[in-house]
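Just so you know, we're using full-length UniProt numbering here: the sequence shown kicks off at 1 and counts up by one. Don't be surprised by glycine CBs; every beta carbon is placed ideally from N, CA and C. Just so it is clear, the structure is predicted and the values come from calculations on it, not from any experiment.
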Amino acid sequence: MTDQATRLRQMVGAETIPMPVSSAQAEAWAHVRVIAITSGKGGVGKTNIAVNLAIALQRRGHRVLVIDADLGMANVDILLGASSRKHLLDLLQPEVKLDDVIVETPHGVQYISGGSGIEKALEYDHAEKVLLQQKLADCAARADLIIVDTGAGLGRNVMDFILAADEVLLVTTPEPTSLTDAYAVMKAYSIYAAQKNLRLIINRVYEQKESREVALKLQRAAEKFLHMPVDCLGYVFEDTSVTKAVRKQLPLLKAEPNAAAARCIDALAESLLTGGEMRVKRGWKGFLQQIFKFST
1 MTDQATRLRQ MVGAETIPMP VSSAQAEAWA HVRVIAITSG KGGVGKTNIA
51 VNLAIALQRR GHRVLVIDAD LGMANVDILL GASSRKHLLD LLQPEVKLDD
101 VIVETPHGVQ YISGGSGIEK ALEYDHAEKV LLQQKLADCA ARADLIIVDT
151 GAGLGRNVMD FILAADEVLL VTTPEPTSLT DAYAVMKAYS IYAAQKNLRL
201 IINRVYEQKE SREVALKLQR AAEKFLHMPV DCLGYVFEDT SVTKAVRKQL
251 PLLKAEPNAA AARCIDALAE SLLTGGEMRV KRGWKGFLQQ IFKFST
């Protein structure tokens, strides 16, 4: 079985490098959950879900660390209201410590900006990879859950992260192009993942029934053509409050905690921890908002 140390080594592209492990580190690695959140295409709300899911998990008493590995659209810091002066790449400097690159955000969630360091990890020499491993190892002692916000699509960097993670949450929307690209990610994952643990999140749906129909399409395709069972973690309603929160540069759960989408993400966090099925209804206010296309 692939252990946590192996996965952490894979994250820095150095899975074959031996690394001394203390008993404290081994114990920490055994309990942390590494969750990659990805998508087949950009613009489906992946990062928004990653950030708000992290906050929902933190509110339930868990120490959460978010790593922004979306090199093309790195905007976790904007949504978290945090500014990082140092990135992952800066850990290669002997004087830079892990504490220097981890940002404590106003929302109780820890954050590391990947910068260009992750993309260049495969180019590092042996000594640089060992140094990165040693400094990143203590992330597991500082967090119960590590959420990696990957890029979209099937780039090598993206695949490295989703194959290294314990769990993968694949975000899609009901749009045909989004479904096609999501299936492409599922196909690649089914081929290369040694231990498969991928679940769907259907974003921007208008009702629960729509999310079930969308998930069923992908699930049937995965079973028929990929021979891979795929569960659906849940759904997030289409909600104008999401756009309003982004404009305020605030996480949705802080800006509009009672919004339909916020309640969905909160329920996703609960399902992620308990394994139960999420059930969120729009309610009468949500019904009126959707019918008249406005937010009160």
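Limits of the unbroken alpha helix (DSSP H) element including residue i
{"i": "Phe237", "result": "That residue, Phe237, is in no alpha helix (DSSP H); its beta strand (DSSP E) goes Asp231 to Phe237."}
{"i": "Leu98", "result": "Leu98 to Val101"}
{"i": "Gln133", "result": "His126 to Leu136"}
{"i": "Asn258", "result": "Careful: Asn258 lies outside any alpha helix (DSSP H) and carries neither H nor E."}
{"i": "Glu210", "result": "Gln208 to Ala221"}
{"i": "Ser241", "result": "Thr240 to Arg247"}
{"i": "Ala140", "result": "Cys139 to Arg142"}
Cutoff 6 Å; reference residue i; Cβ partners in own chain excluding five residues on either side
{"i": "Ala36", "result": "Val148, Thr150, Phe161, Ile162, Ala165 and Val168"}
{"i": "Asp266", "result": "Ala56"}
{"i": "Met186", "result": "Ala222"}
{"i": "Ala262", "result": "Leu252, Leu253 and Glu256"}
{"i": "Cys264", "result": "Val236, Phe237 and Val280"}
{"i": "Val158", "result": "Thr150 and Gly151"}
{"i": "Asn197", "result": "Glu167"}
{"i": "Gln219", "result": "Val230"}
{"i": "Ser106", "result": "Residue identity check: residue 106 is Pro in the sequence provided, not Ser. Contacts found: Gly81."}
{"i": "His62", "result": "Asp144 and Leu145"}
Under 7 Å between C-beta atoms of residue i and residue j
{"i": "Leu65", "j": "Ala143", "result": "yes"}
{"i": "Ile146", "j": "Val236", "result": "no"}
{"i": "Ser178", "j": "Leu233", "result": "no"}
{"i": "Val238", "j": "Arg204", "result": "Checking the displayed sequence, the identity of residue 238 turns out to be Glu instead of Val. Taking 7 Å as the Cβ cut-off, Glu238 and Arg204 qualify as a contacting pair."}
{"i": "Leu88", "j": "Val51", "result": "no"}
{"i": "Ala69", "j": "Gly114", "result": "yes"}
{"i": "Ala184", "j": "Val32", "result": "no"}
{"i": "Ile202", "j": "Ser211", "result": "yes"}
{"i": "Leu154", "j": "Ala188", "result": "yes"}
{"i": "Ser83", "j": "Val171", "result": "no"}
{"i": "Gln110", "j": "Ile102", "result": "yes"}
{"i": "Asp231", "j": "Lys41", "result": "no"}
{"i": "Pro176", "j": "Val214", "result": "no"}
{"i": "Leu98", "j": "Lys129", "result": "no"}
Opening and closing residue of the beta strand (DSSP E) in which residue i lies
{"i": "Arg279", "result": "First-last for Arg279: undefined, no H or E at that position."}
{"i": "Thr150", "result": "Leu145 to Ala152"}
{"i": "residue 308", "result": "What the structure shows of the chain is the stretch from 1 to 296, and residue 308 is not part of that stretch, so it cannot be assessed."}
{"i": "Gln93", "result": "Here Gln93 belongs to no beta strand (DSSP E), and DSSP marks it neither H nor E."}
Cβ shell of residue i (< 7 Å), same chain only, five flanking positions each side left out
{"i": "Val96", "result": "Lys86 and Asp90"}
{"i": "Glu104", "result": "Gln110"}
{"i": "Ala245", "result": "Pro251, Leu252, Ala255 and Glu256"}
{"i": "Lys248", "result": "Ala255"}
{"i": "Phe225", "result": "none"}
{"i": "Gln208", "result": "Tyr235"}
C-beta neighbour in chain D for residue i, strict 7 Å
{"i": "Asn203", "result": "The structure shown contains no chain D, having only a single protein chain."}
Own chain, CB closer than 8 Å to residue i, minus 5 neighbours either side, in chain order
{"i": "Gly276", "result": "Glu270"}
{"i": "Met278", "result": "Leu233, Gly234, Tyr235, Cys264, Ala267, Leu268, Glu270 and Ser271"}
Assess contact between the stretch 46 to 57 and the stretch 246 to 253, defined as three or more Cβ pairs (one per stretch) separated by less than 8 Å. Is contact present?
yes
Determine contact between the stretch 75 to 82 and the stretch 41 to 48, defined as no fewer than three beta-carbon pairs at a distance below 8 Å.
yes
Report the residue ranges of all beta strand (DSSP E) runs contained in full by the stretch 29 to 75; include only those spanning at least 3 residues, in chain order.
33 to 39 and 64 to 69
List in chain order: all unbroken alpha helix (DSSP H) runs of 4+ residues lying wholly within the stretch 158 to 211.
Taken in chain order, the complete alpha helix (DSSP H) segments of 4 or more residues contained in the stretch 158 to 211 are 176 to 192.
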